[in-house]
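The structure appears below as structure tokens.
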Amino acid sequence: MGAGQETLGPQPDSTLSPDAKAVLVDAAEVLQKCKRLARSSKIWRPSRLFGMQGYDLTPPGRQIADAMATEYFAYFETTIRILHIPSFWKAYDEFWKNPNCTKVETQLTILLVIAIGSSLQDRSDASAALPSIAQIHQWIYAAQTWLAGPLEKDRLDTAGLQVYCLLVVVRQIYSVGGDLVWMSLGSLLHRAMQLGLHYDPKHFQGMPLLKAELRRRLWYTILELLIQGSLDTAMPPRISTDEYDTEPPANIDDSDLDADTHALRPKPDNEYTDSTLQRHLVFALPPRIRIVRYLNAIKTDLSYPEAMSLSTGLNTAQRKATVALQTYSDRVSPFQRNMFDFLLRRFVVPLHSPFACEARTTPAFSYSLKACSEASLALISPEPDARFARLLDFAGGLFREGLRSANTAISLDLIIQTRTQQADGTLHRTRTVRDALKRSVVDMLERCDRRISNGETNVKSYVFLSMVLAMTEAMESAEPCEMKIAQSARDAVTHCYGILENSLGSFVTNTPTEAGFPSGGLETGYLGMDMGMDCFFSDTGFS
């Protein structure tokens, strides 16, 4: 939290009523308590323990490790390709036979795989014997320390890149510097280019096919992580499609490829393989690179025709992938479909949001409002799947940011619907769409509640959604908005503080972010009390 946010509450030039100001002062005091809890929960992180010697790299028991590694390969590896499955299991078996002779990078790879697999499990089940969050943090810091060491050959090679990719994923899931991964991804991209991954392996004569395919899948995984991080941080991706010629990974199963393979025999595109999902992400990569380059460029005003053109390119790739996935639905799990959809659909929201904000006064932008709302509803209401639901209830990084942008888009749509119907005199006659949006906001509040219970310390989304709901209900009942919104902010912060206070002991080392609000604090722009839609949503980070 910046220095400008130390003092929260009404500003000197505020136009709020004295009663509303008093309520916001109460809310600001509770928010400071939330902030102190967030800070205290971070002092146990390994990087903050002065004089600590080494890290605990003890894996869980073999049975738990086997189960968690299996989870990783069944759900994550199929969309975010990093490892060669048979090679991993061979190294994994050798590790358990003689752990003292295992290379550091192999040991770290195994621990990070176990950590990612563990994120899908129900931690309320005490009998699961999962590695603790504190233990997983040890593994994360150990991997970060190893990668940050002297750039010897054991770090600057394919194995080092694999550890780096796994580390980026696990940092985001467990919210260990998850909002800083864009900087780490810059280093990862440079390492990959230093190793020549941006050149297709056909340029390197005599390269074994296994190594060539690993380089292709790693290159595109790095690009995938890079554009996701670029979207989250509003930073340029630092790569364009004319800076690499690496071909997509071949459509083959990992079992068809080993160190002795001398000829690839790719399967037809309509046949599902271990590479299918990544190949579809690769086909959808160019339009997404163009989107983040346009969104995050300096001194570039995105025109509506440009936005529609970019949107069309992404929609075409997504429809192609959706049709393809339906042809082998028996091979793809709901988790995999949800993950794939999440990685693509979240680009729609920031692309259309500037125009969605103006849809009420500029009817030509109505498609953007519709696209924003539909994409956001899909993000917050994925296909039912217990594992993916746990991920959304816990994970940080791109998962948290995807939900946050969806929350804001749906809130915008709800308020626009309510304001429009209020102006048209149809507020109490056409409730179907508005009620569905309100139910979505309530669902999102429940998810935010679970996320805070699971270790999230940033209460902004919960408070924001509470204020949106209060604002909508005030307009529906023709009540003054500012006091109802201020009271909802105070009540929401108090509720969040209660959750943080009760659960702090169980997640002292699992603290995604500090409690906070956008610059300016709990003020009229953030609360929307001036009823100016541009002010309301620009201050909440939507535009």
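So the sequence shown is residues 4 to 546, counted in my numbering. Positions of the beta carbon are idealized from the N, C-alpha and C atoms, including for glycine.
Three-way DSSP call (helix, strand, coil) for residue i in this model
{"i": "Met196", "result": "helix"}
{"i": "Gly181", "result": "helix"}
{"i": "Met447", "result": "helix"}
{"i": "Ser20", "result": "coil"}
{"i": "Met470", "result": "helix"}
{"i": "Phe338", "result": "helix"}
{"i": "Lys487", "result": "helix"}
{"i": "Thr82", "result": "coil"}
{"i": "Ala122", "result": "For the sequence presented, residue 122 should be read as Ser rather than Ala. Coil, per DSSP."}
{"i": "Gln208", "result": "coil"}
{"i": "Pro290", "result": "helix"}
{"i": "Phe343", "result": "helix"}
{"i": "Asp248", "result": "coil"}
{"i": "His431", "result": "coil"}
{"i": "Asn103", "result": "helix"}
{"i": "Ser480", "result": "coil"}
{"i": "Met238", "result": "coil"}
{"i": "Arg158", "result": "coil"}
{"i": "Leu213", "result": "helix"}
{"i": "Thr579", "result": "Lying outside 4 to 546, the shown extent of the chain, residue 579 is not represented and no answer is given."}
{"i": "Ser414", "result": "helix"}
{"i": "Ser243", "result": "coil"}
{"i": "Ile255", "result": "coil"}
{"i": "Asn505", "result": "helix"}
{"i": "Pro201", "result": "Checking the displayed sequence, the identity of residue 201 turns out to be His instead of Pro. Coil at His201, not helix or strand."}
{"i": "Thr423", "result": "helix"}
Residue i versus residue j: straight-line alpha-carbon distance, rounded
{"i": "Ser376", "j": "Asn341", "result": "17 Å"}
{"i": "Ser369", "j": "Leu382", "result": "20 Å"}
{"i": "Ala77", "j": "Thr330", "result": "19 Å"}
{"i": "Pro63", "j": "Phe98", "result": "13 Å"}
{"i": "Ser20", "j": "Leu27", "result": "11 Å"}
{"i": "Asn457", "j": "Ala266", "result": "48 Å"}
{"i": "Asn254", "j": "Gln141", "result": "37 Å"}
{"i": "Thr460", "j": "Asp344", "result": "27 Å"}
{"i": "Asp388", "j": "Asp203", "result": "37 Å"}
{"i": "Thr112", "j": "His193", "result": "21 Å"}
{"i": "Thr224", "j": "Phe397", "result": "23 Å"}
{"i": "Glu386", "j": "Ala392", "result": "9 Å"}
{"i": "Gly189", "j": "Tyr167", "result": "12 Å"}
{"i": "Ala30", "j": "Arg450", "result": "22 Å"}
{"i": "Phe79", "j": "Asp277", "result": "12 Å"}
{"i": "Arg220", "j": "Lys100", "result": "29 Å"}
{"i": "Leu347", "j": "Pro271", "result": "24 Å"}
{"i": "Asp22", "j": "Asp494", "result": "15 Å"}
{"i": "Leu198", "j": "Leu159", "result": "8 Å"}
{"i": "Gly535", "j": "Thr421", "result": "Caution applies to Gly535, whose pLDDT of 32 falls short of 50 and renders its modelled position unreliable; the value that the coordinates give is listed next. Approximately 14 Å, taken between the alpha carbons."}
{"i": "Leu200", "j": "Leu164", "result": "11 Å"}
{"i": "Thr81", "j": "Val179", "result": "24 Å"}
{"i": "Leu170", "j": "Leu229", "result": "13 Å"}
{"i": "Asp96", "j": "Lys463", "result": "45 Å"}
Range covered by the alpha helix (DSSP H) that runs through residue i
{"i": "His355", "result": "Val351 to Ala359"}
{"i": "Leu280", "result": "Thr279 to Phe286"}
{"i": "Met71", "result": "Arg65 to Glu74"}
{"i": "Val172", "result": "Thr161 to Ile176"}
{"i": "Leu317", "result": "Tyr307 to Thr330"}
{"i": "Ile139", "result": "Ile136 to Leu150"}
{"i": "Ala374", "result": "Ser369 to Ile383"}
{"i": "Phe391", "result": "Ala389 to Leu395"}
Local Cβ density within 10 Å of residue i, reported as buried at 16 or more and exposed below that
{"i": "Ala426", "result": "exposed"}
{"i": "Ser379", "result": "buried"}
{"i": "Ile301", "result": "exposed"}
{"i": "Gly183", "result": "The question names Gly, but residue 183 is Leu in the sequence shown. The residue is exposed, with fewer than 16 neighbouring Cβ atoms inside 10 Å."}
{"i": "Cys104", "result": "exposed"}
{"i": "Ser1", "result": "Nothing can be reported for residue 1: it is not among the residues displayed for the chain, which extend from 4 to 546."}
{"i": "Pro366", "result": "exposed"}
{"i": "Glu482", "result": "exposed"}
{"i": "Val436", "result": "exposed"}
{"i": "Met474", "result": "buried"}
{"i": "Asp333", "result": "exposed"}
{"i": "Arg51", "result": "In this prediction, Arg51 has a pLDDT of 46, which is less than 50 and means its spatial position is unreliable; what the coordinates show is noted afterwards. Looking at its Cβ environment, which holds fewer than 16 other Cβ atoms inside 10 Å, Arg51 is exposed."}
{"i": "Asn505", "result": "exposed"}
{"i": "Thr319", "result": "exposed"}
{"i": "Ser408", "result": "buried"}
heavy atom of the ligand SAM below 6 Å from residue i C-beta
{"i": "Glu361", "result": "You won't find the ligand SAM in this model; it holds no ligand whatsoever."}
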